[in-house]
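A.B. asks:
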Amino acid sequence: MAGHPVDRFNRYLKAARDAGAPLPEACALATADNRGRPSVRYVLLKKADESGFVFYTNTKSRKGRELTDNPHASLAFYWDATGRQVRIEGRVKAVTKEEADEYWRERPLASRLASAASNQSERMESRTMLMAVFKQMTRACKDGEIARPPEWTGYRISPTSIEFWTRNEPRLHNRELFELRSGEWRKSLLQP
Ligand SMILES: Cc1cc2nc3c(=O)[nH]c(=O)nc-3n(C[C@H](O)[C@H](O)[C@H](O)COP(=O)(O)O)c2cc1C
């Protein structure tokens with residue numbers, strides 16, 4: 000039996016930040032549609048604790064639609080500054096309305112306006128139209144308050160496996176796999 004691997008993840012994230020890794024919270028998020036066809040894009044991790052790994056997005060985006068059909072996802076981080084990769088897999092659930100509201104209020108106004116103006120992943124006629132919506136919303140928002148669109152929310156990945164890869168020359172890299180089995184984390188080593 001091993002301890003919860005999220006503690007190690009948070010130590011690695013801090014080490015990457017301390018080592019000057021650019022955007023250490025950026026990670027590739029893989030989802031798959033209801034026929035199992037994968038898609039991947041970067042997102043920013045906002046929180047990692049024993050309840051899971053949280054990122055924010057739009058539920059009507061491509062990833063959001065895929066997560067509705069197939070609530071399983073995978074994240075991959077790589078920090079060249081520390082020579083570490085972390086892979087996370089698990090089941091996904093939207094965060095509560097209260098949690099999403101709390102994070103929405105913390106975001107800079109320009110980010111809130113941009114999120115509210117964009118129907119993420121929808122096709123658009125021109126960028127000019129998007130900018131016009133953004134400007135109109137900015138004008139209308141005199142008091143710095145803008146409601147969180149209900150489709151803008153967070154997802155929490157409750158991990159069932161976390162793998163830590165550490166660069167090691169001469170190419171005999173180190174791989175440690177943590178898997179959740181019957182409520183307990185089990186650790187094993189994998190060949191590189
Ligand atoms: C470094 C980086 C961080 C990003 N962070 C986010 C994010 O936290 N949430 C988000 O919705 N999109 C984020 N994006 C944009 C996504 O990569 C993607 O373009 C967008 O979410 C639409 O993806 P989809 O059409 O597959 O849903 C980020 C892009 C980059 C390059």
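Counting from 1, position 190 in the sequence shown corresponds to residue 189 in numbering that gives the first Met the number 0; the numbering is continuous, with no gaps. All C-beta atoms, glycine included, are put in the ideal place defined by N, C-alpha and C. Values in this document were obtained by computation on a predicted structure and should not be read as measured data.
Just mark A146 as buried or exposed, buried being the case when its beta carbon has 16 or more other beta carbons within 10 Å.
C.D. replies: By one-based count along the sequence shown, residue 146 stands at place 147. The residue in question, A146, is exposed, as its Cβ has fewer than 16 Cβ neighbours within 10 Å.
A.B. asks: Look up A29 in the DSSP assignment and give the residues it is bridged to.
C.D. replies: Here residue 29 refers to the residue found at position 30 of the sequence shown. Per DSSP, V39 and S73.
A.B. asks: Relative to ligand 1, is the shortest distance from any of its heavy atoms to the C-beta of K134 smaller than 7 Å?
C.D. replies: Sequence index remark: in the sequence shown, residue 134 carries index 135 (1-based). Checking the Cβ of K134 against ligand 1 gives no.
A.B. asks: State yes or no: is the C-beta of F163 within less than 8 Å of the C-beta of R83?
C.D. replies: Residue mapping note: residue 163 aligns to position 164 of the sequence shown, counting from 1. Residue mapping note: residue 83 aligns to position 84 of the sequence shown, counting from 1. Yes. Within cutoff.
A.B. asks: Is R61 near ligand 1, in the sense that its beta carbon is under 7 Å from a heavy atom of that ligand?
C.D. replies: Taking the first residue of the sequence shown as position 1, residue 61 is located at position 62. Checking every heavy atom of ligand 1 against the Cβ of R61, one is found closer than 7 Å.
A.B. asks: On the three-state DSSP scale, how would you describe E178?
C.D. replies: Position 179 of the sequence shown, counted from the start, is the residue given in the question as residue 178. The answer is strand: DSSP assigns E178 an E or B state.
A.B. asks: Using a Cβ-based criterion (distance less than 7 Å to any ligand heavy atom), does V193 qualify as near ligand 1?
C.D. replies: Residue 193 falls outside the range modelled here, since the chain spans only 0 to 191, and no answer is possible.
A.B. asks: Since V85 contacts I156 with CB under 8 Å, what's their CB separation in whole angstroms?
C.D. replies: Within the sequence shown, numbered from 1, the residue matching residue 85 stands at position 86. Within the sequence shown, numbered from 1, the residue matching residue 156 stands at position 157. The pair is not a contact, with the Cβ atoms about 12 Å apart (cut-off 8 Å).
A.B. asks: Are there 16 or more other CB atoms within 10 angstroms of the CB of T152, so buried, or fewer, so exposed?
C.D. replies: Stepping through the sequence shown from its first residue, residue 152 is reached at position 153. T152 is buried by the Cβ-count criterion.
A.B. asks: CA-CA distance, S110 and E49?
C.D. replies: Counted from its first residue, the sequence shown places residue 110 at position 111. Counted from its first residue, the sequence shown places residue 49 at position 50. Roughly 28 Å between the two C-alpha positions.
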